[in-house]
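Everything on this sheet refers to the single structure shown next.
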Amino acid sequence: MAQKVRTALVVDDSRLARLALSKLLQKREVDVEMVGTGGEALDYLSNARPDVVFMDYMMPDMDGFEATRKIHGVLGDDPVPVVMYTSQDSDEDREKACELGIAGFLSKPSGEDSLDEILELLSEQVKERPQ
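Residue numbering for the sequence shown is -11 to 119, as defined by this note's numbering.
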């Protein structure tokens, strides 16, 4: 049986983008944590395992692809699906994301239908985690 996405980490250097996505997720009863950099995401993930990470592509400390590579390296056998949340939506970016094992692509600004499709897709990948 598919497990509903209950928790998410939103990683974006834009406070407004973090808040916008967070609001959409909270409407769907998803608990959200927000950070502004890839480094902060790595720190957060050293102590917590959300059901999904929504990762911005363009950030000052490291781009979303580099942050995702590092996250996969740190989490090893306990992966968390990463969705690239970005206004950069080229075929090259999607190919790079596919090679990295990115779980999905959500364009900025995202509509509710697009988010619902991603959450439905992710429900098949969410691990049963203790509360």
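Note that the Cβ used here is the ideal one computed from N, Cα and C, for glycine as well.
Here Pro38 is buried, its C-beta having at least 16 other C-beta atoms within 10 Å. Per DSSP, Thr(-5) is one residue of the beta strand (DSSP E) stretching across Thr(-5) to Val(-1). DSSP lists Ser95 as the bridge partner or partners of Thr74. Using a 10 angstroms sphere on the CB of Pro97, the tally of other CB atoms stays under 16, which defines it as exposed. A direct Cα-to-Cα measurement between Thr25 and Arg57 gives close to 14 Å.
In the three-state reduction of the DSSP assignment, Asp65 falls in the coil class, being assigned neither a helical nor a strand state.
In this structure, Val(-7) lies near Leu110, with their beta-carbon atoms less than 9 Å apart. Between Val71 and Ile59, the C-beta spacing is not below 9 Å. In this structure, Ala36 lies near Glu21, with their beta-carbon atoms less than 9 Å apart. When Ser34, Ser78, Ile106 and Lys84 are compared, the shortest CA-CA separation from Glu54 is found for Lys84. Counted as a single uninterrupted DSSP element, the alpha helix (DSSP H) harbouring Asp81 occupies residues Asp79 to Leu88.
Note on geometry: alpha-carbon atoms of Pro67 and Cys86 lie some 15 Å from one another.
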